[in-house]
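Be aware that the sequence shown starts at 99, since it is given in the working numbering, and climbs by one per residue. Have a look at the structure below before the remarks.
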Amino acid sequence: MSAAGHIIVVPGQEITSVQGYLRGHGTYVEEGTDGGPPKLLACVAGVVERVNKLISVRPIKSRYIGEVGDLVVGRVAEVQSKRWSVEVGAHRSAVLMLSSVNLPGGQQRIRTYEDQLQMRSFFQEHDLISAEVQQVNSDGGIALHTRSLKYGKLENGQLVSVPPVLIRRLKQHVVSLPDTGVDVILGTNGNVWISRTPPEEWKGKEEGDAAGTGSVAPKAETLTRQRKQHAETETIGEVRTNICRVRNAIVALRNVFHLVTPESIMSVYRRSVTMGLQPKDMLSGEAVLALTAKEAT
Numbered sequence: 099m100s101a102a103g104h105i106i107v108v109p110g111q112e113i114t115s116v117q118g119y120l121r122g123h124g125t126y127v128e129e130g131t132d133g134g135p136p137k138l139l140a141c142v143a144g145v146v147e148r149v150n151k152l153i154s155v156r157p158i159k160s161r162y163i164g165e166v167g168d169l170v171v172g173r174v175a176e177v178q179s180k181r182w183s184v185e186v187g188a189h190r191s192a193v194l195m196l197s198s199v200n201l202p203g204g205q206q207r208i209r210t211y212e213d214q215l216q217m218r219s220f221f222q223e224h225d226l227i228s229a230e231v232q233q234v235n236s237d238g239g240i241a242l243h244t245r246s247l248k249y250g251k252l253e254n255g256q257l258v259s260v261p262p263v264l265i266r267r268l269k270q271h272v273v274s275l276p277d278t279g280v281d282v283i284l285g286t287n288g289n290v291w292i293s294r295t296p297p298e299e300w301k302g303k304e305e306g307d308a309a310g311t312g313s314v315a316p317k318a319e320t321l322t323r324q325r326k327q328h329a330e331t332e333t334i335g336e337v338r339t340n341i342c343r344v345r346n347a348i349v350a351l352r353n354v355f356h357l358v359t360p361e362s363i364m365s366v367y368r369r370s371v372t373m374g375l376q377p378k379d380m381l382s383g384e385a386v387l388a389l390t391a392k393e394a395t
């Protein structure tokens, strides 16, 4: 069985009997019958993945397994001493150290005791954040960082979750969807954040003309100002409708177990517009099948 160019197998199903392949996670070797060659079989239900001669099966339903460099969207579970515990859908909560976050204004200095007292001014319990996996320990523990200005607290948007196997690793996980006014963050842990695209006028001038010096304002201050304005400014109705349509496009893809990519989201989005469907009508059984029919072929 295949979907979107991927082979999906069930436990006990033969993957290949061709010699020369290496057995990876989710597979086992069984001796051939009647003197035939050994067979490589699946021991879990999932998607077959091949890297050169190594064949493995990635389970359809599993907890998130982090890799260094992954962009994740998580929720702060607890504020601890010099660290935050972040739920990212893995077997254990991830850890975000105080030394791994940006200080206000992008300051570069050693964290002090005063910074520890102000930790809840950065992130507090139940906050949604975007971060990057900095390290994966041998016991599966994940260490995060938000040192890049593109990471941090997420506000004024909508979260939708899909199985992590449906989010493949891309060159860009922060994407502006064309002609929608909507941005999406595709977390490799299965969490997708949807929000409006910041208007061009918010960017303003980079020059610090307030002081009349013509100096260039630090980028950190510019992005901090944009984030604050985004959090405090109400989203207009048209963009809100587009956000709902994008959200339901992702849910429709999740319901048919299709990869969630910017291309597949826009394909379902545009088809819903062509069919004249309102966002609230996109998730009926017939609508989901019609919207995703092209994706499943």
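Idealized CB from N, CA, C, for every residue including glycine.
Query: For Ile163, the first and last residue of its enclosing alpha helix (DSSP H); Result: Note, Ile163: premise wrong, no alpha helix (DSSP H); not H, not E.
Query: Every unbroken alpha helix (DSSP H) inside the region 192–280 [4 residues or more]; Result: 211–215, 217–220
Query: Sufficient close CB pairs (3 or more, under 8 Å) joining the region 189–203 to the region 132–151; Result: no
Query: Ile341 in three-state terms, based on DSSP; Result: helix
Query: Rounded separation between Val193 and Val116 - CA only; Result: 43 Å
Query: Proximity winner among Asp132, Leu138, Gly133, Val371, relative to Val108 (alpha-carbon distances); Result: Leu138
Query: Length of the line joining the Cα atoms of Ile292 and Gly130; Result: 50 Å
Query: Residues that Arg121 bridges to, as DSSP identifies them; Result: Ile153
Query: Straight-line gap, Ile283 to Val273 (C-alpha atoms, nearest Å); Result: 6 Å
Query: For Gly285, the nearest candidate out of Ser160, Asp168, Ser154 (CA to CA); Result: Asp168
Query: Which residues DSSP lists as bridging Thr144, in chain order; Result: Residue identity check: residue 144 is Gly in the sequence provided, not Thr. Looking at the DSSP assignment, Gly144 forms a beta bridge with Val107, Pro157.
Query: Other residues of its chain near Asn353: CB distance less than 6 Å, five sequence neighbours each side excluded; Result: Val386
Query: Start-to-end residues for the alpha helix (DSSP H) that takes in Val46; Result: Residue coverage of the chain in this structure runs from 99 to 395, which leaves residue 46 outside it and unanswerable.
Query: Exposure label - Thr390; buried when at least 16 CB within 10 Å; Result: buried
Query: Between the CA atoms of Trp182 and Phe220 - distance to the nearest angstrom; Result: 10 Å
Query: Cutoff 7 Å; reference Glu185; Cβ partners in own chain excluding five residues on either side; Result: Gly172, Arg173, Ala175, Ser191
Query: C-alpha gap between Leu381 and Gly255, whole angstroms; Result: 20 Å
Query: Within 8 Å, strictly: CB atoms of Val397 and Arg209; Result: Residue numbering for the chain in the displayed model covers 99 to 395; residue 397 lies beyond these limits and cannot be assessed.
Query: Backbone CA spacing between Pro276 and Arg267 [nearest angstrom]; Result: 21 Å
Query: Span of the beta strand (DSSP E), counted from its first residue to its last, around Thr333; Result: From DSSP, Thr333 is part of no beta strand (DSSP E); its letter is neither H nor E.
Query: Beta-carbon separation (whole angstroms), Ile227 vs Ala188, contact threshold 8 Å; Result: Going by Cβ atoms, the distance from Ile227 to Ala188 rounds to 15 Å, so no, they are not a contact pair.
Query: Distance between Pro202 and Gly383 (C-alpha atoms, nearest Å); Result: 48 Å
Query: Arg161 Cβ short of 7 Å to the ligand FMN heavy atom set; Result: In terms of ligand content, the structure shown is empty, and the ligand FMN therefore cannot be addressed.
Query: Paired residues, beta bridge with Asn289 - DSSP; Result: Ser259
Query: Within-8 Å CB hit, Val358 to chain C; Result: In summary, chain C is missing from the structure at hand, where a single protein chain is found.
Query: C-alpha gap between Phe355 and Gln206, whole angstroms; Result: 44 Å
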